[in-house]
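K.L.:
Numbering (the working numbering), first residue to last: 1094 to 1169.
In this text, a Cβ means the ideal position worked out from N, Cα and C, and glycines have one as well.
As structure tokens, then:
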């Protein structure tokens, strides 16, 4: 599995990351989700998707990305 920029990663060492956001990340698709996730947590995310969750009178928007699990991250 690869995003084309980073080396191949072991799918068994992948952890999902899900965050809610304000604003519509679907405006520019997955790139906005990836940017939101990476600038917030200073980490590399891939396979990012956006979802809108409709709740009564409000729409909650989520970014979901995958990352290397913390127990296999290289030392910084």
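Suppose you measure from the CA of residue 1141 to the CA of residue 1155; what does that come to, to the nearest Å?
P.N.:
Going from the Cα of residue 1141 to the Cα of residue 1155 covers about 10 Å.
K.L.:
Determine the contact status of residue 1160 and residue 1108, defining contact as a CB-CB distance below 8 Å.
P.N.:
Their beta carbons are under 8 Å apart, which means residue 1160 touches residue 1108 by this criterion.
K.L.:
Based on the DSSP secondary-structure assignment, which residues constitute the bridge partners of residue 1161?
P.N.:
DSSP, once it has assigned bridges, lists 1107 as partnering residue 1161.
K.L.:
Could you tell me the distance, in whole angstroms, from the CA atom of residue 1158 to the CA atom of residue 1152?
P.N.:
Going from the Cα of residue 1158 to the Cα of residue 1152 covers about 20 Å.
K.L.:
How would you call residue 1139, buried or exposed, if buried means at least 16 neighbouring beta carbons within 10 angstroms?
P.N.:
Burial call: buried.
K.L.:
When the Cα atoms are used, what is the spatial distance from residue 1149 to residue 1113?
P.N.:
Computed Cα separation, rounded: 17 Å.
K.L.:
Could you give the distance in angstroms between the alpha-carbon of residue 1131 and the alpha-carbon of residue 1145?
P.N.:
About 20 Å.
K.L.:
Quick one: what does DSSP say residue 1138 is sitting in, helix, strand or coil?
P.N.:
The answer is coil: DSSP assigns residue 1138 none of H, G, I, E or B.
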